[in-house]
Amino acid sequence: MRVLKFNHVLVGLSIIFMFGAYFFPIWQIRLAAPQYPEGLGMEIWLNKIVGVGEFDLQNINLLNHYIGMATINEHNISELQYMPYMVFALMFFSFIILCIDRSFALNLLFKGLLAIGLVGVFDFWYWEYSYGHNLNPKASIKIPGMTYQPPFLGCENLLNIVACSYPGIGFILIGLAGFCIFIAVFKQKIVEILKSTAEKELEEIVE
Amino acid sequence: MLKAKTLFWAVLSALIIQVGCGKSIELPFLKKGSKEVKVNKEVKINKEVAIENVTKEGSKDELVDSEMNIGENMEKKEEAGVSMNLSLPSDEVIAASMTYVAPGSYDEFYWFMSGGYSGQVSVYGIPSGRLFKIIPVFSLFPENGYGFEEETKDMLLTSYGHIPWDDSHHPEVSLTKGEQDGRWLFINGNNTPRIARIDLKSFETTQIIEIPNSAGNHGSPFLTENTEYLMASTRFSIPILQSNVAIQDAAKGKFKGTISLVSVDKDTGDMNLKGQVLVPGYDYDIAHCGKGASHDWCFFTSYNTEQAYEMLESNSAKNEKDYILAFNWVGAQKCFNDGKAKNVTTAYYRNTHPENKPTVSEKFTKTKLLDPKDCPGIMYYLPTPKNPHGCDVDPTGEYIVAGGKLASMIPVHSFSKFMQAKDNMDSRESVIDGIPVLKYESTLAAEVSKPCIGPLHTEFDGNGYGYTSCFVSSEVVKWKLGTWEIVDRVPSYYSIGHLSISGGDSAKPNPKYLLALNKITKDRYLPVGAELAHSAQLYSLGGDKMKLLLDFPTVGEPHYAQGVPASLLQDNAQRIYRLDHNAHPYATKQESEAKVVRAKNVVHVYMTAIRSHFKPDTVEVKVGDVVYFHVTNLEQDYDIPHGFAVKGSKNSGVLIMPGQTKTVKWNAEKAGIYPFYCSDFCSALHQEMQQYILVKGK
Numbered sequence: 000m001r002v003l004k005f006n007h008v009l010v011g012l013s014i015i016f017m018f019g020a021y022f023f024p025i026w027q028i029r030l031a032a033p034q035y036p037e038g039l040g041m042e043i044w045l046n047k048i049v050g051v052g053e054f055d056l057q058n059i060n061l062l063n064h065y066i067g068m069a070t071i072n073e074h075n076i077s078e079l080q081y082m083p084y085m086v087f088a089l090m091f092f093s094f095i096i097l098c099i100d101r102s103f104a105l106n107l108l109f110k111g112l113l114a115i116g117l118v119g120v121f122d123f124w125y126w127e128y129s130y131g132h133n134l135n136p137k138a139s140i141k142i143p144g145m146t147y148q149p150p151f152l153g154c155e156n157l158l159n160i161v162a163c164s165y166p167g168i169g170f171i172l173i174g175l176a177g178f179c180i181f182i183a184v185f186k187q188k189i190v191e192i193l194k195s196t197a198e199k200e201l202e203e204i205v206e
Numbered sequence: 000m001l002k003a004k005t006l007f008w009a010v011l012s013a014l015i016i017q018v019g020c021g022k023s024i025e026l027p028f029l030k031k032g033s034k035e036v037k038v039n040k041e042v043k044i045n046k047e048v049a050i051e052n053v054t055k056e057g058s059k060d061e062l063v064d065s066e067m068n069i070g071e072n073m074e075k076k077e078e079a080g081v082s083m084n085l086s087l088p089s090d091e092v093i094a095a096s097m098t099y100v101a102p103g104s105y106d107e108f109y110w111f112m113s114g115g116y117s118g119q120v121s122v123y124g125i126p127s128g129r130l131f132k133i134i135p136v137f138s139l140f141p142e143n144g145y146g147f148e149e150e151t152k153d154m155l156l157t158s159y160g161h162i163p164w165d166d167s168h169h170p171e172v173s174l175t176k177g178e179q180d181g182r183w184l185f186i187n188g189n190n191t192p193r194i195a196r197i198d199l200k201s202f203e204t205t206q207i208i209e210i211p212n213s214a215g216n217h218g219s220p221f222l223t224e225n226t227e228y229l230m231a232s233t234r235f236s237i238p239i240l241q242s243n244v245a246i247q248d249a250a251k252g253k254f255k256g257t258i259s260l261v262s263v264d265k266d267t268g269d270m271n272l273k274g275q276v277l278v279p280g281y282d283y284d285i286a287h288c289g290k291g292a293s294h295d296w297c298f299f300t301s302y303n304t305e306q307a308y309e310m311l312e313s314n315s316a317k318n319e320k321d322y323i324l325a326f327n328w329v330g331a332q333k334c335f336n337d338g339k340a341k342n343v344t345t346a347y348y349r350n351t352h353p354e355n356k357p358t359v360s361e362k363f364t365k366t367k368l369l370d371p372k373d374c375p376g377i378m379y380y381l382p383t384p385k386n387p388h389g390c391d392v393d394p395t396g397e398y399i400v401a402g403g404k405l406a407s408m409i410p411v412h413s414f415s416k417f418m419q420a421k422d423n424m425d426s427r428e429s430v431i432d433g434i435p436v437l438k439y440e441s442t443l444a445a446e447v448s449k450p451c452i453g454p455l456h457t458e459f460d461g462n463g464y465g466y467t468s469c470f471v472s473s474e475v476v477k478w479k480l481g482t483w484e485i486v487d488r489v490p491s492y493y494s495i496g497h498l499s500i501s502g503g504d505s506a507k508p509n510p511k512y513l514l515a516l517n518k519i520t521k522d523r524y525l526p527v528g529a530e531l532a533h534s535a536q537l538y539s540l541g542g543d544k545m546k547l548l549l550d551f552p553t554v555g556e557p558h559y560a561q562g563v564p565a566s567l568l569q570d571n572a573q574r575i576y577r578l579d580h581n582a583h584p585y586a587t588k589q590e591s592e593a594k595v596v597r598a599k600n601v602v603h604v605y606m607t608a609i610r611s612h613f614k615p616d617t618v619e620v621k622v623g624d625v626v627y628f629h630v631t632n633l634e635q636d637y638d639i640p641h642g643f644a645v646k647g648s649k650n651s652g653v654l655i656m657p658g659q660t661k662t663v664k665w666n667a668e669k670a671g672i673y674p675f676y677c678s679d680f681c682s683a684l685h686q687e688m689q690q691y692i693l694v695k696g697k
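Just so you know, the protein sequences line up as chains L and H, in that order. Residue numbers 0 to 206, in numbering that gives the first Met the number 0, belong to the letters of the first sequence in order. Residue numbers 0 to 697, in numbering that gives the first Met the number 0, belong to the letters of the second sequence in order.
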């Protein structure tokens, strides 16, 4: 079956949203401490991790080394190498759908997007988990039972630091892209069902 | 499939709700911040009320002491959540609220005070009177290593060698169109004649130029309207060029003075000695340059026109009038450019401290000396009673006010009258060494009669009033320009020298406060032995009447001060030195580059400091080695300096700001183990920031 005209628009929109995600951070982590009233922060983009202030990342790493946390270095995070290509692949596949105009491809895209999204979110949680738990045993400050996993969403106290984590505009854009595809798939399904019912009724009348 | 869809929907809507409610964005620390801002606002509102009250009551010409007022203020205070002692008189309550800067809030003004015999500049916040910083200028400062460390020790180099001390008097903020531009602060060294430039971004001394052919660089450094030049006059007349004539020859005119023109590069601030004008050997005191119509002119008071060389306290007070020297610097500049000055051999230094690099010292051996006879029309003497001190030009540039120290009035010259009189032969009294002396009345605008005893120095509020400090009668008098009537007076505690209004010597004053810089302290504070800090008093200029708000001790002896609105400086203030801009020849930009390099018996240690260790971990040298520790602070975080101190060092410790490189020279004299450590509490493991040097025997 062909893709509905309205859904062409939705797929087009999702491509634009996904493209937009290259220009905004996907996730943001902010830290505040008594001696950092102005706060420290870092932003995770599709392809990089940057400090909110120019030297924030360096200063976060400096503070973290006392409790034995690993240095955050974007070169050591492989996700940042392939995430831009994955989003590009999704954009490319959406574009193919517009060309070949087949509804099964739309279904496929939706499933793919969902899978990648869920894996991505889990991967991020897991990175936070290992970052907060894999502590250097030679760390100068060790507090029994204390780990430093940053919150996935919302704020948490970690020693003297309040760490807050929340999605960035990039994440919202990708979410909107997914939402467009979801609506498209949903609408396609309803039209298909209506169509097949109508066909059945027609057959009955003919009989 | 349906389940997956539901899950996706649920996740997405949860996220949208989160963001929509602003829950995840409104962070707890931000909330706390906004609460604080609210409290400050309330206090500020209360302050405005207090100021209004002062103004209101002031206009009624009576003290604010009615019970109703106390009640009103108390109510407002309580509303703002500040509990007050009910027994305080309301004047003090108001003064307290006007000078109270709540924790975490900022002052309205930076106030730069000279250190006098400390040789430095101190930076205060006004209205709170809190000391923020001492900027080392002309004197060694072991607290941070200034003058000891390799980077700044040559800042104190002069033709007399390394001079560890001076007497700093008159800070001046750079001007553009007569208004403070907040770029640089200049200050004189009185004893070994020098002028320093302080950068108002780094708040550090960045250049010092020595003034040759000068003794007592007191009337200095007074700026022209666009900081084209700094003027420097001579307090002591001496033989120029220097020679060992008999001291008694002073009275025979063998001693001379000079007026030096130091040019300031409008982009870099670099100071150069343009030339010097030879003047009769009187003692020149304070100066100020013109504004607007009087832009081309600078005015210098003089005393000891008697040219006495002993017992000046009586011998220099014989003449009823000394002179104000009116000097056309634009005309002098032309004569210098036209080659009318003669080149003389001398020696002076200019020391420049570029950001994060060692000081560059340059020695100069030539200067231009101009005789006013060879450049007619650039100088006139305006007779002025009696041993005048201050020489202050009002914001319009029309009035030149002298502090007639030993006179019982304040003489005010008119620039426009001076312009009419200067080439009119009838107005001339005599000519001294080619300099016409004009008749007193020909340039006089008025005398402010019976102001006080010992009027010294005047500043202006830009609203038509002058404020004069009176040393002997220990008070500040306010008088009106034009009508010359005294409108107000307040006592100072005690014996005020200079006073200071923000921009009070510029074309655009900010007349909110007046600061009195006093010479005698006595019983103002808890006694601490015979040597006391000098006191300063802050007065409100908000109403018609001046009100004493605050009394606080100062560093050294502030002779003069400059108040600068905080907004002009605070956003530009340096926070760190960027490591990627660090061009120090001995910088070490990462730990992996830390090393020890030996050249015969000279050892260079390229060292890094970062929370909480130095690299290299240990250092080994030999007896007889001269060791240079070049320590680079790798931090790029605001207010994380490291210190460096090594046992037995004959230099001071140093403080190294983030991104900075500092060098300590240390002689390895005896074999043994020598510890070094961080001397500025940097981190939770600061105490552990300690390491060893091994000095091996021969």
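Where a beta carbon is used, it is the ideal one built from N, C-alpha and C, also for glycine. Everything numeric in this text was worked out from a predicted model, so none of it was measured.
>> Which residues in chain L have a C-beta closer than 9 Å to the C-beta of Q635(H)? List them in chain order.
In response: Start at 1 with the first residue of the second sequence, and residue 635(H) comes out as number 636. Chain L residues near Q635(H): E53, F54, Q57 and N58.
> Taking the beta strand (DSSP E) that A94(H) falls in, what are its first and last residues?
Replying inline: Residue numbering aside, residue 94(H) sits at position 95 when the second sequence is read from its first letter. No beta strand (DSSP E) holds A94(H); the alpha helix (DSSP H) holding it covers S89 to T98.
>> If the criterion is Cβ atoms closer than 8 Å, does the pair K320(H) and K385(H) meet it?
In response: As a working note, residue 320(H) is residue 321 in the second sequence. As a working note, residue 385(H) is residue 386 in the second sequence. Against a cut-off of 8 Å, the Cβ pair of K385(H) and K320(H) comes out as a contact.
> Residues in its own chain within less than 7 Å of K521(H) by CB, not counting five upstream and five downstream?
Replying inline: Along the second sequence, one-based indexing puts residue 521(H) at 522. The beta carbon of K521(H) sits closer than 7 Å to the beta carbons of Y493 from its chain, once the five residues preceding and following it are set aside; these are given in chain order.
> Mind pulling the chain L residues with CB within less than 7 Å of R610(H)?
Replying inline: Position 611 of the second sequence, counting from 1, holds the residue named residue 610(H). Ordered by position in chain L, the residues that pass the 7 Å Cβ test against R610(H) are L61.
> Using Cβ-Cβ distances below 8 Å, what residues of the segment 122-149 of chain L are close to chain H?
Replying inline: So the close ones are S139 and I140.
> Checking contacts by CB at 8 Å: is A683(H) closer than that to chain L?
Replying inline: The count along the second sequence starts at 1 and reaches residue 683(H) at position 684. Proximity of A683(H) to chain L, defined by a Cβ-Cβ separation below 8 Å, is satisfied.
> Straight-line CA distance for K588(H) to I575(H)?
Replying inline: Working through the second sequence from its first residue, we reach residue 588(H) at position 589. Working through the second sequence from its first residue, we reach residue 575(H) at position 576. Each residue's Cα considered, the two are about 15 Å apart.
> Does the segment 612-632 of chain H come close enough to the segment 650-669 of chain H that 3 or more CB-CB pairs lie under 8 Å?
Replying inline: Enough Cβ pairs lie closer than 8 Å, so yes.
> First and last residue of the alpha helix (DSSP H) that includes K110(L)?
Replying inline: Taking the first sequence and counting its residues from 1, the one referred to as residue 110(L) is at position 111. The continuous alpha helix (DSSP H) containing K110(L) extends over residues S102 to H132.
> Is there a Cβ from chain H that is less than 8 Å from the Cβ of Y213(L)?
Replying inline: Given a span of 0 to 206 for chain L in the structure shown, any question on residue 213(L) remains unanswerable.
>> Does D679(H) pass the burial test, meaning 16 or more other C-beta atoms within 10 Å, or should it be called exposed?
In response: Here residue 679(H) is taken as the residue at index 680 of the second sequence, counted from 1. Answer is buried; the Cβ neighbour count reaches 16.
> For A286(H), which option in N271(H), K273(H) and Y302(H) has the closest C-alpha, if you only look at C-alpha atoms?
Replying inline: As a first step, residue 286(H) is located in the second sequence; it is residue number 287 there, counting from the start. Ranking N271(H), K273(H) and Y302(H) by Cα distance to A286(H) puts Y302(H) first.
>> Applying the 10 Å Cβ sphere with the 16-neighbour rule, what's the burial state of F298(H)?
In response: In the second sequence, residue 298(H) corresponds to position 299, counting from 1. With 16 or more other CB atoms across the displayed protein chains lying within 10 angstroms of its CB, F298(H) is buried.
> Three or more C-beta pairs closer than 8 Å, one from the segment 479-494 of chain H and one from the segment 418-436 of chain H: is that the case here?
Replying inline: Touching, no, given that fewer than three Cβ pairs across the two stretches are closer than 8 Å.
> Looking at C-alpha atoms only, which residue of V276(H), Y398(H) and W110(H) is the closest neighbour of Y512(H)?
Replying inline: In the second sequence, counting from the first residue as 1, residue 512(H) sits at position 513. Nearest of V276(H), Y398(H) and W110(H) to Y512(H), Cα basis: W110(H).
>> Which of the three DSSP states is assigned to L97(L) in this structure?
In response: Numbered from its first residue, the first sequence carries residue 97(L) at position 98. In this structure, L97(L) counts as helix in the three-state DSSP scheme.
> Out of curiosity, what's the CA-to-CA distance linking A406(H) and A249(H)?
Replying inline: Residue numbering aside, residue 406(H) sits at position 407 when the second sequence is read from its first letter. Residue numbering aside, residue 249(H) sits at position 250 when the second sequence is read from its first letter. Rounded to whole angstroms, the separation of the alpha carbons of A249(H) and A406(H) is 26 Å.
>> Can you give me the C-alpha to C-alpha distance between L516(H) and T553(H), rounded to a whole angstrom?
In response: In the second sequence, counting from the first residue as 1, residue 516(H) sits at position 517. In the second sequence, counting from the first residue as 1, residue 553(H) sits at position 554. Between the alpha carbons of L516(H) and T553(H) lies a gap of roughly 9 Å.
>> Give me the residue from F470(H), V447(H), L443(H) and T442(H) with the minimum Cα distance to P454(H).
In response: On the second sequence, residue 454(H) is found 455 positions in, with the first residue counted as 1. Of the listed residues, the one whose Cα sits closest to P454(H) is F470(H).
> Are L134(L) and I28(L) closer than 8 Å when you measure CB to CB?
Replying inline: In the first sequence, counting from the first residue as 1, residue 134(L) sits at position 135. In the first sequence, counting from the first residue as 1, residue 28(L) sits at position 29. Going by C-beta atoms, L134(L) is not nearer than 8 Å to I28(L).
> From this set, M545(H), N243(H) and I239(H), which residue's C-alpha is nearest I258(H)'s C-alpha?
Replying inline: The sequence position of residue 258(H) within the second sequence is 259, counting from 1. Measuring from the Cα of I258(H), the nearest candidate turns out to be I239(H).
>> DSSP has V161(L) in a bridge; who is on the other side?
In response: Stepping through the first sequence from its first residue, residue 161(L) is reached at position 162. BP columns for V161(L) point to A31(L) and N156(L).
> Expressed to the nearest angstrom, what Euclidean distance is found between the alpha-carbon atoms of W124(L) and T146(L)?
Replying inline: Here residue 124(L) refers to the residue found at position 125 of the first sequence. Here residue 146(L) refers to the residue found at position 147 of the first sequence. Using only the alpha carbons, I get a separation of about 15 Å.
> Counting pairs of beta carbons, one from the segment 332-347 of chain H and one from the segment 387-394 of chain H, are three or more of them closer than 8 Å?
Replying inline: Judged by pairs of C-beta atoms under 8 Å, the segment 332-347 of chain H does not touch the segment 387-394 of chain H, as fewer than three such pairs exist.
>> Please state the DSSP three-state secondary structure of D55(L).
In response: Within the first sequence, residue 55(L) is the residue found at index 56, counting from 1. D55(L) falls in the helix class under three-state DSSP.
> Between I48(L) and M82(L), what straight-line distance do the alpha-carbon atoms span, to the nearest angstrom?
Replying inline: Mapped onto the first sequence, residue 48(L) falls at position 49. Mapped onto the first sequence, residue 82(L) falls at position 83. Here the C-alpha atom of I48(L) lies approximately 13 Å from the C-alpha atom of M82(L).
>> Just verifying my parser: in three-state terms, what is the DSSP assignment at F92(L)?
In response: Taking the first residue of the first sequence as 1, we reach residue 92(L) at position 93. Looking at F92(L) - three-state DSSP - the assignment turns out to be helix.
> With a CB to CB cut of under 8 Å and the five nearest residues on each side skipped, what residues in its chain are close to R101(L)?
Replying inline: In the first sequence, residue 101(L) corresponds to position 102, counting from 1. Shown here for R101(L): same chain residues with a beta carbon closer than 8 Å to its own, the five before and five after excluded, namely M0, R1 and V2 in chain order.
> How close, in whole Å, do the beta carbons of D487(H) and K546(H) come, if the pair is a contact with beta carbons under 8 Å?
Replying inline: Within the second sequence, the letter at position 488 stands for residue 487(H). Within the second sequence, the letter at position 547 stands for residue 546(H). At roughly 10 Å, the Cβ-Cβ gap does not stay under 8 Å, so D487(H) and K546(H) are not in contact.
> Since I399(H) and I323(H) are thought to touch, with beta carbons under 8 Å apart, how far apart are those beta carbons, to the nearest angstrom?
Replying inline: Position 400 of the second sequence, counted from the start, is the residue given in the question as residue 399(H). Position 324 of the second sequence, counted from the start, is the residue given in the question as residue 323(H). 7 Å between Cβ atoms; contact.
> What residue from G177(L), I182(L), L193(L) and A162(L) has the CA that sits closest to P208(L)'s CA?
Replying inline: No answer is possible for residue 208(L): it lies beyond the span of chain L, which begins at 0 and ends at 206.
> When DSSP labels each residue in this structure, what does P83(L) get in the three-state scheme?
Replying inline: Working through the first sequence from its first residue, we reach residue 83(L) at position 84. Helix.
>> Under 8 Å, Cβ to Cβ, is there at least one residue of chain H near C98(L)?
In response: Translated into positions along the first sequence, residue 98(L) becomes position 99. It does not; no Cβ of chain H falls within 8 Å.
>> Whether or not the segment 136-153 of chain H and the segment 194-212 of chain H are in contact is what I'm after, with contact meaning three or more pairs of Cβ atoms, one per stretch, closer than 8 Å; do they touch?
In response: Yes, the segment 194-212 of chain H is in contact with the segment 136-153 of chain H.
> Tell me which same chain residues have a C-beta within less than 6 Å of the C-beta of Y128(L), skipping the five on either side of it?
Replying inline: To locate residue 128(L), count along the first sequence from 1; it is residue 129. Result list for Y128(L): Q148, in chain order.
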